[in-house]
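Residue numbering for the sequence shown follows full-length UniProt numbering, starting at 1 and increasing by one per position.
Beta carbons: idealized from backbone N, C-alpha and C, even for Gly.
Input: a single structure, listed below in structure tokens.
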Amino acid sequence: MKMKLPGRARTHAAEDDQARAEHLRHDGVHKAAHHAAHRQGGIVDVATLDKTPGAEPLDDPDRIDEEALIAEFEAEKPARHLTGWPSWVTSVVGVGLSLFALYWVFNPMPRQVYLPVFLSVGLFLTFLTYRGWPRSAKAREAGKRDSPNVLDWLLALVSLVPGLYMVSDWQGFFRRAILPTDTDLIIGTLLILLCLEAARRTVGVLVPVVVLLFIASAYWGSFLPAPFTTANFGWPRLVGHNVMGTQGIFGTPLEVAATYIILFTIYGAVLAASGATRFFIDLSFAAFGQSPAGPGRTVTLSGFLLGTVSGSGVATTVTLGGISWPLLKRAGYPAEAGGGVLAAAGIGAIMSPPTLGAAAFIIAELLQVSYLEVLIWATIPTVLYYLGIILAIEMDARRHKTHTVAIETQSPWKLLLRFGYHFSSLAAIVVFLVLGYTPFRAVVYATVLAFLLSFLERRSWMTPRRIWSALAQGATGALSVIPVMAVAGIIVGVMTLTGLALRLAGIIVDFSNGNVVLTALFSAAVVVLLGLAVPVTASFIISFVVISPALQQVGVEPFAAAMFIFYYAVLSEVSPPTALSPFAAAAITGGKPVKTMWLTWKYTLPAFLVPFIFVLSPRGVGLLFEGGTETVAIAFVTSVFAVASLAVVTGAWLFGPARVPERLLFLVAAIALLVMTPTFIAVGAAFLVAGVLVHLLTRRRNRAHDADGDRDVAPTTGQEAVGGAATGAPQPASSPVAGAPAPGDRPRTER
Numbered sequence: 001m002k003m004k005l006p007g008r009a010r011t012h013a014a015e016d017d018q019a020r021a022e023h024l025r026h027d028g029v030h031k032a033a034h035h036a037a038h039r040q041g042g043i044v045d046v047a048t049l050d051k052t053p054g055a056e057p058l059d060d061p062d063r064i065d066e067e068a069l070i071a072e073f074e075a076e077k078p079a080r081h082l083t084g085w086p087s088w089v090t091s092v093v094g095v096g097l098s099l100f101a102l103y104w105v106f107n108p109m110p111r112q113v114y115l116p117v118f119l120s121v122g123l124f125l126t127f128l129t130y131r132g133w134p135r136s137a138k139a140r141e142a143g144k145r146d147s148p149n150v151l152d153w154l155l156a157l158v159s160l161v162p163g164l165y166m167v168s169d170w171q172g173f174f175r176r177a178i179l180p181t182d183t184d185l186i187i188g189t190l191l192i193l194l195c196l197e198a199a200r201r202t203v204g205v206l207v208p209v210v211v212l213l214f215i216a217s218a219y220w221g222s223f224l225p226a227p228f229t230t231a232n233f234g235w236p237r238l239v240g241h242n243v244m245g246t247q248g249i250f251g252t253p254l255e256v257a258a259t260y261i262i263l264f265t266i267y268g269a270v271l272a273a274s275g276a277t278r279f280f281i282d283l284s285f286a287a288f289g290q291s292p293a294g295p296g297r298t299v300t301l302s303g304f305l306l307g308t309v310s311g312s313g314v315a316t317t318v319t320l321g322g323i324s325w326p327l328l329k330r331a332g333y334p335a336e337a338g339g340g341v342l343a344a345a346g347i348g349a350i351m352s353p354p355t356l357g358a359a360a361f362i363i364a365e366l367l368q369v370s371y372l373e374v375l376i377w378a379t380i381p382t383v384l385y386y387l388g389i390i391l392a393i394e395m396d397a398r399r400h401k402t403h404t405v406a407i408e409t410q411s412p413w414k415l416l417l418r419f420g421y422h423f424s425s426l427a428a429i430v431v432f433l434v435l436g437y438t439p440f441r442a443v444v445y446a447t448v449l450a451f452l453l454s455f456l457e458r459r460s461w462m463t464p465r466r467i468w469s470a471l472a473q474g475a476t477g478a479l480s481v482i483p484v485m486a487v488a489g490i491i492v493g494v495m496t497l498t499g500l501a502l503r504l505a506g507i508i509v510d511f512s513n514g515n516v517v518l519t520a521l522f523s524a525a526v527v528v529l530l531g532l533a534v535p536v537t538a539s540f541i542i543s544f545v546v547i548s549p550a551l552q553q554v555g556v557e558p559f560a561a562a563m564f565i566f567y568y569a570v571l572s573e574v575s576p577p578t579a580l581s582p583f584a585a586a587a588i589t590g591g592k593p594v595k596t597m598w599l600t601w602k603y604t605l606p607a608f609l610v611p612f613i614f615v616l617s618p619r620g621v622g623l624l625f626e627g628g629t630e631t632v633a634i635a636f637v638t639s640v641f642a643v644a645s646l647a648v649v650t651g652a653w654l655f656g657p658a659r660v661p662e663r664l665l666f667l668v669a670a671i672a673l674l675v676m677t678p679t680f681i682a683v684g685a686a687f688l689v690a691g692v693l694v695h696l697l698t699r700r701r702n703r704a705h706d707a708d709g710d711r712d713v714a715p716t717t718g719q720e721a722v723g724g725a726a727t728g729a730p731q732p733a734s735s736p737v738a739g740a741p742a743p744g745d746r747p748r749t750e751r
């Protein structure tokens with residue numbers, strides 16, 4: 001059987017995003033091939049978005065260009081849609097960069113050769129792909145091609161100079177780090193400026209400003225107030241350390257971008273081209289679509305499955321929104337609540353194994369552990385994150401009185417039987433890691449497997465055109481990460497040169513008086529605040545250098561400190577006031593961006609508890625699969641109840657509306673369960689039981705009161721019952737949600 005999905009809703013912008021989203025709606029029409037509706041064998045092409053017969057008409061049949069929307073809100077995606085010969089140039093160079101990375105996996109070369117070449121080519125593509133400044137409204141309205149200008153080409157060509165210079169005498173260049181020549185200084189300064197400009201184009205001006213402040217703190221360190229005072233480091237010393245050494249631009253962050261990130265991006269592009277994205281969404285619809293909370297559950301599961309491929313919060317949000325928002329709307333979700341669900345589910349992509357986000361690869365390198373260990377550490381926290389969203393969705397489904405939207409499709413088992421092979425390459429990554437292969441070879445072999453499996457379904461064959469496109473996307477998908485990693489390396493280099501990281505860590509510990517709870521609170525606040533200004537990856541790198549030593553000084557294990565920082569760096573993506581995924585979701589649903597952002601924060605708030613469990617008690621590391629089976633089991637079960645308790649607090653719902661006294665009991669229970677010692681677990685359990693009992697007693701008392709009130713109401717006459725409107729009788733309250741059934745109505749089904 002076939003499943004029909006409704007058309008995409010028109011993008012209404014709200015507040016100051018209105019003009020921007022309206023432009024995206026008009027300018028973002030899919031290609032004709034993307035509209036073609038070819039559904040075969042019971043699986044739905046997600047590009048096909050017919051209107052469901054019998055459904056209420058949508059506001060506008062216009063389609064949303066997902067690439068344009070991602071580019072508008074995602075700092076990790078190209079912001080230009082190149083056409084003509086500039087597109088051909090970037091495509092050829094991008095494929096070359098991907099092939100260069102694949103060649104390195106099987107033919108390793110010195111990092112002093114590989115990284116300069118990779119960075120120079122990456123900067124070349126960045127200057128052609130990213131605008132130096134926003135397009136004018138006049139240019140957009142005129143429909144002018146968004147092509148690189150003369151300055152872009154000049155910067156792109158100049159970007160190749162440092163790489164050529166370094167590779168021509170790589171041994172001598174890196175050996176002269178202590179005493180660089182004048183030419184070395186010119187090339188080093190040029191590379192720093194190019195990286196700063198590329199970072200400005202990709203993630204905004206704040207990151208370059210932060211980098212310049214760190215450089216200034218090293219150059220004029222003696223003028224800083226205590227305890228930040230350091231020695232003054234001259235420009236030759238700064239260039240030598242940050243450009244000609246291994247702790248600056250060519251340090252661990254850039255190495256991660258040139259190895260882990262680009263290889264996993266290539267894998268994701270191949271897997272998506274093979275039809276996996278379509279299958280993941282269809283499987284979610286088939287599994288959870290047939291209940292009032294089904295649309296919300298579907299979005300959540302789809303977000304997790306897409307996250308195994310994407311690793312990008314905004315991209316996953318937009319992909320989900322284009323398909324799922326019409327379904328959420330028909331189920332009765334308000335625009336803001338639907339946008340909150342989409343954004344919350346999409347952001348989880350950054351922490352969903354086995355791809356995770358870029359910061360996870362950095363954890364493996366900084367801690368010198370296998371990537372498999374990082375995957376294991378992330379498993380339970382990811383489950384708890386999505387559990388919190390699921391619980392919030394269940395509560396909202398009852399509060400908003402959403403109703404079932406019937407969808408005809410094959411059963412999940414039939415879909416798995418026919419298309420479940422798409423999971424094989426994901427499982428292969430883990431299997432190869434277990435067998436002892438490097439992450440680089442594991443993901444390359446998984447990419448080859450995904451390529452071969454694509455031939456099991458005729459319409460998903462990896463044709464030469466698709467292979468070329470996947471290789472090009474593998475490079476362009478990593479572009480914005482490359483300059484960010486390079487300049488983040490400068491920050492790390494300055495901190496190691498001046499010792500500033502240890503000073504800042506000591507300040508945090510002193511301010512908290514060595515208390516682990518206060519240290520964790522201050523650390524979380526610093527990470528979240530930093531995440532408001534810079535992307536997740538840069539936020540993690542900067543925070544790790546400062547926060548990790550502080551947490552370790554109060555007794556937190558290094559791996560627990562790293563995961564604590566990683567988790568809050570991800571959650572900063574939903575933290576007001578600069579959450580990008582909620583803004584992208586609001587542009588799709590037509591909701592108010594600020595309200596959508598706050599609702600996204602509400603959906604994810606239970607997850608904010610989880611990182612504290614890592615650090616407040618030795619037993620808390622059980623959430624990271626450390627400490628034995630008993631510790632893991634206790635930590636997981638306790639955390640489930642803690643997340644559920646906070647979900648009741650934020651959702652104001654249990655078996656019915658939860659009032660303030662009940663929510664306070666659940667709040668105390670959630671906080672007590674965080675500590676995870678026997679005493680606090682007992683206290684948390686007691687408050688949890690008390691909250692449930694008070695809630696049940698309150699509901700029983702209210703029902704009894706309502707029943708007494710009904711008996712006191714005089715019966716109405718037939719005339720009043722029929723003509724109440726004419727006689728002044730009160731009318732039934734309208735549904736609180738547009739499209740939701742009135743009380744007593746049968747749920748409407750749509751086919």
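Quick one: grab the DSSP three-state call for residue i.
i      : result
Pro225 : coil
Trp325 : helix
Thr377 : First, the residue type needs correcting, since residue 377 is Trp and not Thr in the sequence shown. Reduced to three states, the DSSP call for Trp377 is helix.
Trp133 : coil
Pro334 : coil
Pro657 : strand
Thr438 : coil
Lys592 : coil
Ala586 : helix
Pro535 : coil
Trp170 : helix
Ala349 : helix
Tyr421 : coil
Pro86  : helix
Trp220 : coil
Leu572 : The sequence given here places Ser at residue 572; Leu does not occur at that position. Of the three classes helix, strand and coil, the one that applies to Ser572 here is helix, per DSSP.
Ile454 : Sequence check: residue 454 is Ser here, not Ile. Helix.
Phe264 : helix
Asp146 : coil
Gln552 : helix
Whose C-alpha, out of the options, is nearest the C-alpha of residue i?
i      : options                           : result
Val341 : Ala101, Ser352, Thr317 and Phe118 : Thr317
Gly122 : Ala258, Ala272 and Phe304         : Ala258
Leu155 : Ile380, Val556 and Gly132         : Gly132
Thr246 : Val689, Ile490 and Ala685         : Ile490
Leu580 : Leu624, Tyr371, Val615 and Leu532 : Leu532
Trp468 : Trp85, Asn702, Gly84 and Gly96    : Gly96
Arg619 : Ser480, Ile681, Phe583 and Leu654 : Ile681
Since residue i contacts residue j with CB under 8 Å, what's their CB separation in whole angstroms?
i      : j      : result
Phe636 : Val648 : Not a contact, Cβ separation roughly 19 Å.
Ala438 : Val270 : Checking the sequence, you will find Thr at residue 438 rather than Ala. About 19 Å; that fails the 8 Å criterion.
Ala586 : Gly339 : 5 Å
Leu99  : Leu471 : 7 Å
Ala550 : Ala505 : 4 Å
Thr189 : Val239 : 6 Å
Below 8 Å between beta carbons: does that hold for residue i and residue j?
i           : j      : result
Ala231      : Ser222 : yes
Ala450      : Gly94  : no
Ser147      : Phe127 : no
Thr300      : Ala345 : yes
Arg201      : Tyr130 : yes
Gly348      : Gly322 : no
Ile541      : Val492 : yes
residue 835 : Pro582 : No answer is possible for residue 835: the residues shown for the chain start at 1 and end at 751.
Thr319      : Pro353 : no
Phe614      : Phe564 : yes
query: Can at least three beta-carbon pairs, one atom from the segment 267-286 and one from the segment 556-571, be found at a separation below 8 Å?
result: The segment 267-286, when compared against the segment 556-571, does not touch it at the 8 Å Cβ threshold.
- request: Could you tell me whether the segment 188-197 touches the segment 519-527, using the rule of 3 or more Cβ pairs below 8 Å?
  value: With a cut-off of 8 Å on Cβ pairs, the segment 188-197 is not in contact with the segment 519-527, counting fewer than three such pairs.
- prompt: Taking one C-beta from the segment 356-367 and one from the segment 595-608 each time, how about it: are there three or more such pairs within less than 8 Å?
  reply: Judged by pairs of C-beta atoms under 8 Å, the segment 356-367 does not touch the segment 595-608, as fewer than three such pairs exist.
- prompt: Does the segment 612-625 come close enough to the segment 369-385 to have 3 or more Cβ pairs within less than 8 Å?
  reply: Note that the segment 612-625 touches the segment 369-385; at least 3 beta-carbon pairs, one per stretch, sit closer than 8 Å.
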